[in-house]
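**Student:** According to our numbering, the residues represented by the sequence shown are 37 to 128, in order.
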Amino acid sequence: MDKIERTFQTRLQKRPEDMVRLIVHVRGDMSQATARLTQLGVPVLRSFSLIKAVAVSCSGEKALALLQEPWVQSIEEDRQVFIQRQDVEDST
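(1) Near L48, what residues of its chain come up, given a Cβ to Cβ distance below 6 Å and the 5 sequence neighbours on each side ignored?
(2) In chain order, what residues of the same chain have a beta carbon less than 6 Å from the beta carbon of I90, not counting five sequence neighbours either side?
(3) Using the three-state DSSP reduction, which class does Q122 fall into: helix, strand or coil?
(4) Given a threshold of 16 other Cβ atoms within 10 Å of its Cβ, counted over all protein chains shown, does V117 qualify as buried or as exposed?
(5) Look at V92 and V78 and say whether their C-beta atoms are less than 8 Å apart.
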């Protein structure tokens, strides 16, 4: 399994100076991963212990560097998710 979607990786490579928000899925200890991110200058915005992931904000260059970290399982862009409401007609 790839650590990052190819199109997203290409976008980061083309614009490494752009700031991005990421969800970083962690393999191993979450507190060690958080400490390492802080050491790398990548602020952790939120932790998701249920799915073993953290939300971070960093440059594209730093995002690409995170791919080399052995504890990083995968990286995805943190995007806003919308749900579509379906109205159910009352059948009574």
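From the three backbone atoms N, C-alpha and C, an ideal C-beta is built for every residue, glycine too.
These numbers were taken from a predicted model, which means no experiment stands behind them.
**Tutor:** Taking the definition as stated:
(1) Closer than 6 Å at the Cβ level, and outside the excluded window around L48, lie G96, A99, L100.
(2) A quick correction: the sequence has Val, not Ile, at residue 90. Here the set comprises V60, V80, S83.
(3) The answer is coil: DSSP assigns Q122 none of H, G, I, E or B.
(4) Label assigned to V117: exposed.
(5) Contact: yes.
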